[in-house]
Amino acid sequence: MSTLSFLLKHFPGIIKLSENRGMITRRLRSCVRRAFSSKFYREKLTKAGVRPSDIRTIDDFTRKVPLTTRPELEAADPYDVLAIQPGRECLIYAQTSGTTTGRPVPVWVTKREFERQTELALCLPIIRKHLRKDMKCAICYPYTRTLAGRGGDLIIQHAGATLIPIGTRNNMYPPEVAAETIRKLRVDVLGAAATDAFAYANILLDRGLRPEEVGVKYIMSGAEPCSENRARALGKVWGGARVFSLLGQNESGFLGVPCEEYMMHIPSFAMFTEIIHDDGTPAARGERALSVVTPTTREAMPMLRYLTGDYIELLKEPCACGLPLPAMRILGRKGTDVRLGPVSRFPIELENTLYKADLNGVWYQIHAWPDHVDITAEHRDESDWSRLSGQIKSNFESEFPGVAVNVRMVHQGELYNYRELRMGKAVSRVLAGSDGKELIEGA
């Protein structure tokens with residue numbers, strides 16, 4: 004067990020010290036020294052005129068170390084980003100999807116590093132409180148190309164709980180088989196994207212079965228954004244399960260720690276997070292700004308000041324959950340905000356407004372125009388359609404005054420066939436109309 008994991012496990016109050024500037028400075032200096040061992044950063048920092056000895060303060064780090072962008076990592080040779088060369092330690096490879104550009108970002112961890120990350124996850128308050136040895140846990144995250152499924156497996160194994168590896172919509176476990184396995188084994192903890200968790204519940208309902216009788220207590224939702232109200236709706240479909248949304252990227256790791264209040268907290272003990280405006284100037288708490296992250300526990304593939312492309316809002320006030328880590332709201336990817344009348348919103352904010360209504364379908368579509376919005380929502384019970392349509396219309400009109408709202412209710416499966424293996428992206432949830440063109444939000 005690493006020193007950090009030991010301290011968090013046995014002395015959880017020490018998490019308060021993760022915001023100590025002296026500790027942060029030491030971690031950042033160590034990150035720069037480690038990064039200089041990789042060809043990618045050695046060349047990048049040398050070109051910027053920066054050497055590890057130049058970094059003596061946090062301000063030195065944020066002023067002198069240049070940002071790292073996704074296109075840079077996409078263009079890099081996969082071995083150039085390594086600070087530990089093959090043969091010195093056991094290395095594990097993964098990569099981002101590369102769906103948008105066709106060029107995936109390489110992702111490397113050492114075996115030791117991977118296990119330490121697992122130990123660290125087990126020390127987090129949300130895991131320590133809810134994961135017990137007598138629980139049966141189904142992991143429905145992908146196992147190929149990403150570390151998500153393998154990481155979930157390690158967490159369950161290290162916790163001593165029962166592991167049920169399923170994966171995501173693969174030939175061995177198509178959705179119907181996954182849903183039946185979850186039911187038959189009476190799963191307590193379901194790790195899955197919110198869309199898939201909704202789908203498994205609807206597959207059981209199609210068979211005349213009741214998802215709430217399975218006994219799912221917790222859903223760890225990852226792989227896609229999930230708003231607070233959608234998380235609540237998902238939990239209700241499963242009979243009151245508690246849903247915790249995970250925030251992470253393949254290349255940078257977990258960017259946020261969930262809490263009991265449906266909020267996300269910055270893991271300051273393992274991640275240095277900055278917020279900047281579009282022009283690169285520092286932003287303040289309470290402003291909507293781009294997040295820049297530096298993982299401070301990485302070994303195989305160091306990363307310095309990585310521009311995530313995500314807009315977040317750091318809250319000014321402490322979270323009601325009591326966790327002494329900065330709380331934040333996750334807003335969305337750069338370039339995905341849409342305009343409704345005079346107001347600009349990110350897709351997850353529109354989703355949160357939609358799910359104020361008591362929906363239980365797998366999918367929805369919101370088509371936003373400058374003067375009106377067309378909403379199509381799936382819901383199983385046709386007898387509820389009129390009531391839900393009125394609720395949705397009222398909620399959007401209240402939040403976006405002067406914008407006409409059109410709502411159409413459809414049966415589950417009409418927008419998205421939740422029974423098929425998913426090849427690439429399904430129909431987008433949010434679209435923006437501009438000059439007659441559709442700008443598709445990358446869900």
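Following this note's numbering from start to finish, the sequence shown increments by one per residue and tops out at 446.
Virtual Cβ for every residue (Gly too), placed ideally from N, Cα, C.
In the three-state scheme derived from DSSP, where H, G and I count as helix and E and B as strand, F399 is classed as helix. Spanning the alpha carbons of G211 and G243 requires a straight line of approximately 19 Å. If you draw a straight line from the Cα of K239 to the Cα of T49, it is about 54 Å long.
Judged by DSSP in its simplified three-state form, K319 adopts coil rather than helix or strand. In this chain, S56 is not harboured by any alpha helix (DSSP H), its DSSP state being neither H nor E. Exposed is the label assigned to G25, since fewer than 16 other Cβ atoms lie within 10 Å of its Cβ.
Taking R172 as reference, the option from R189, L157, T147 and G163 with the minimal CA-CA separation is T147. In chain order, A371 and A435 place their CB closer than 6 Å to the CB of V341, counting only its own chain and leaving out the 5 sequence neighbours on each side. Between L353 and I333, the beta carbon gap of about 14 Å keeps them out of contact (Cβ cut-off 8 Å).
In this structure G194 is in contact with Y144, their Cβ atoms being roughly 6 Å apart against a cut-off of 8 Å.
In this structure, M304 lies away from P298, with their beta-carbon atoms at least 7 Å apart. In the assembly as shown, Q415 is a buried residue. Its beta-carbon has 16 or more other beta-carbons within 10 Å.
Sequence-distant partners of W388 (beyond 5 residues in either direction) whose C-beta falls short of 6 Å from its own C-beta, in its chain, are M412. For the region 144-228, the full-length alpha helix (DSSP H) segments reaching 4 residues or more read 151-162, 178-187 and 197-209 along the chain. Taking the C-beta atoms as reference points, H375 is found no nearer than 7 Å to A330. Between V217 and R186, the CB-CB gap stays under 7 Å.
Nearest neighbour of P327 by Cα position, chosen from A226, P69, M266 and R245, turns out to be M266.
Per DSSP, P261 is one residue of the beta strand (DSSP E) stretching across G256 to P261. Collapsing the DSSP output to three states places T65 in a helix. E381 and P228 have their C-alpha atoms spaced approximately 18 Å apart. In the DSSP assignment, Q368 forms a beta bridge with T379. Using a Cβ-Cβ distance cut-off of 8 Å, the region 127-146 and the region 155-171 are in contact, since at least three pairs of beta carbons, one from each stretch, lie closer than that value.
Spanning the alpha carbons of R119 and T198 requires a straight line of approximately 30 Å. C-alpha of E75 to C-alpha of I58: approximately 23 Å in a straight line. Boundaries of the beta strand (DSSP E) around Y96: L94 to Q98.
Sorting T99, L125 and P178 by C-alpha distance to the C-alpha of L150 places T99 at the top.
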